[in-house]
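I have placed the structure first, in the form of structure tokens, so that the comments after it can refer back to it.
Numbering (this note's numbering), first residue to last: 68 to 558.
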């Protein structure tokens with residue numbers, strides 16, 4: 068595989084950072100400020116997109132910034148996996164920025180300039196994580212993202228927000244410093260390198276007990292992935308504005324968590340070592356528990372964003388679950404679920420925010436009949452639900468179909484049952500919302516009373532319609548992303 072030296076990965080990371088001083092100077096001119104947000108977003112996306120043909124041609128893009136220590140440079144490497152994740156993050160950043168305008172202005176939120184600045188910093192850290200060439204570079208961007216999103220979670224500045232933000236930072240930093248950092252130091256001590264390699268880096272230097280402990284430190288240490296029991300920060304972070312929730316659950320934070328675990332499984336341990344010690348099965352058991360327990364908890368949540376939060380916890384473990392199967396189909400299904408879940412889940416969060424802005428309602432029990440008042444929003448919610456459940460014609464069907472095929476390929480039939488039960492639970496906690504929205508009788512209005520259409524403003528409705536349609540498009544046109552994954556994992 069030919070490596071090409073290019074500054075494009077660095078520029079893609081720097082563009083959102085360099086625009087922050089301009090955003091701050093435009094605080095009193097919100098239209099100018101938002102124009103700069105979109106300019107930075109489109110330039111960043113164009114840079115990411117321009118690298119795609121090179122990666123699809125079977126090459127890699129590399130750039131070393133400086134040597135931290137032998138075998139652990141601060142460096143970028145763009146491969147199929149990183150390109151897939153960067154395309155998701157860069158494209159959804161633009162859509163979420165438009166949505167943020169409608170949400171933040173619609174509710175007359177304070178601190179909007181601060182909001183867009185930290186939002187830009189968060190997406191820069193996400194792109195940096197996607198393009199990291201090794202574990203130490205990934206770790207630095209992981210921590211940068213943690214610090215950048217803290218002010219977003221604490222945005223409302225009330226007691227609840229501050230408590231939730233502290234809990235968020237305590238979990239995320241505590242696990243990364245307490246578990247990931249020691250594990251990373253041990254890896255370097257044993258191997259002298261932290262560079263990602265499809266063959267892994269240990270080359271027979273680990274015993275099974277040592278490998279087991281090290282793997283668990285990474286899986287639980289990257290707590291952004293929401294693996295139980297290190298998951299409770301995620302529902303607590305729902306006090307943040309809905310655009311932040313969308314960023315946390317679909318675009319950046321949680322996806323960086325699972326992406327980091329995917330990198331460790333495939334680039335630090337390697338499929339052969341995991342298979343030799345049967346560690347893939349251990350990770351699948353942990354992921355299965357998270358999938359089923361969080362799905363059951365989601366059923367009991369009346370607040371829509373909290374139900375979506377527990378759904379996210381479940382869906383993230385699908386990704387880890389798929390890669391841990393160590394089968395080609397399973398790995399493909401797990402990694403492509405990063406993409407499919409992103410578009411389905413961000414649609415659901417966009418809908419939740421639009422409902423709140425238009426009606427002030429955030430509890431599911433209050434939403435009976437709202438589908439007739441907000442048909443576009445609830446139609447998009449239905450499409451997003453299908454994507455998360457894994458039903459056609461949405462991209463979620465593609466990823467879950469391959470996950471199920473992966474269990475059969477790996478001879479793990481019992482885990483296929485886990486996937487089917489989970490999808491059934493997904494349907495149980497999403498489809499009744501849609502049904503009650505369109506056919507339920509509002510508590511404060513007769514069923515046969517005329518209903519005026521009252522959608523949220525266009526800055527909210529357009530993004531949720533776009534992401535819903537994209538979720539359908541991914542069902543019909545997934546091939547480019549499949550090619551990136553095949554190249555990235557050498558499937």
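Idealized CB from N, CA, C, for every residue including glycine.
Just so it is clear, the structure is predicted and the values come from calculations on it, not from any experiment.
Residue environment, residue i, which counts as buried when at least 16 other CB atoms sit within 10 Å
i           : result
residue 557 : exposed
residue 484 : exposed
residue 480 : exposed
residue 100 : buried
residue 440 : buried
residue 86  : buried
residue 305 : buried
residue 74  : exposed
residue 275 : exposed
residue 230 : exposed
residue 98  : exposed
residue 547 : exposed
residue 513 : A caution first: residue 513 carries a pLDDT of 43, below 50, which makes its placement in the model unreliable, though a value can still be read off. Under this definition residue 513 is an exposed residue.
residue 469 : buried
residue 125 : exposed
residue 222 : buried
residue 330 : buried
Nearest-angstrom beta carbon gap, residue j and residue i [assumed within contact, 8 Å]
i           : j           : result
residue 83  : residue 190 : 5 Å
residue 261 : residue 253 : That belief does not hold up - the Cβ atoms of residue 261 and residue 253 are roughly 11 Å apart, past 8 Å.
residue 127 : residue 146 : 5 Å
residue 312 : residue 238 : The Cβ separation is near 17 Å, so there is no contact.
residue 247 : residue 206 : 7 Å
residue 462 : residue 541 : 3 Å
residue 79  : residue 268 : About 27 Å separates the two Cβ atoms, so there is no contact after all.
residue 285 : residue 328 : 7 Å
residue 538 : residue 401 : So it is not a contact: roughly 18 Å between Cβ atoms.
Cα-Cα separation between residue i and residue j, rounded to whole angstroms
i           : j           : result
residue 403 : residue 299 : 26 Å
residue 233 : residue 465 : 38 Å
residue 359 : residue 496 : 13 Å
residue 161 : residue 549 : 23 Å
residue 168 : residue 283 : 41 Å
residue 373 : residue 363 : 13 Å
residue 245 : residue 288 : 7 Å
residue 157 : residue 107 : 10 Å
residue 150 : residue 143 : 12 Å
residue 257 : residue 71  : 30 Å
residue 176 : residue 188 : 20 Å
residue 515 : residue 437 : Residue confidence for residue 515 is low, a pLDDT of 49 falling below 50, so the modelled location carries little weight; the figure read from the coordinates is stated next. If you take the alpha carbons of residue 515 and residue 437, they lie about 14 Å apart.
residue 457 : residue 448 : 14 Å
residue 476 : residue 365 : 30 Å
residue 355 : residue 491 : 14 Å
residue 219 : residue 343 : 43 Å
residue 242 : residue 388 : 21 Å
residue 81  : residue 544 : 31 Å
residue 381 : residue 345 : 23 Å
residue 487 : residue 357 : 15 Å
residue 370 : residue 155 : 27 Å
Residue from the options with nearest C-alpha to residue i
i           : options               : result
residue 293 : 277, 361 and 271      : 361
residue 551 : 79, 87 and 120        : 120
residue 28  : 267, 383 and 329      : Outside the modelled stretch of the chain, which goes from 68 to 558, sits residue 28, for which no answer is possible.
residue 507 : 423, 445 and 185      : 445
residue 325 : 385, 280, 338 and 274 : 385
residue 214 : 231, 192, 226 and 460 : 192
residue 320 : 426, 154 and 196      : 196
residue 431 : 165, 375 and 96       : 375
residue 152 : 406, 135 and 240      : 406
residue 347 : 272, 308, 469 and 473 : 473
residue 494 : 534, 469, 450 and 526 : 450
residue 290 : 236, 136 and 338      : 236
residue 489 : 502, 499 and 471      : 471
residue 426 : 478, 413, 524 and 125 : 524
residue 165 : 323, 534 and 554      : 534
residue 133 : 89, 117, 77 and 183   : 77
residue 526 : 89, 117, 174 and 118  : 174
residue 395 : 554, 421 and 521      : 554
Could you name each continuous beta strand (DSSP E) segment of 3 residues or more that falls completely within the stretch 132-180, going from the start of the chain to the end? 139-145
Contiguous alpha helix (DSSP H) assignments of at least 4 residues, all confined to the stretch 380-431: Whole alpha helix (DSSP H) segments, 4+ residues: 395-426.
Please specify which runs of the alpha helix (DSSP H), each continuous and at least 4 residues long, are wholly inside the stretch 461-496, giving them in chain order. 462-476
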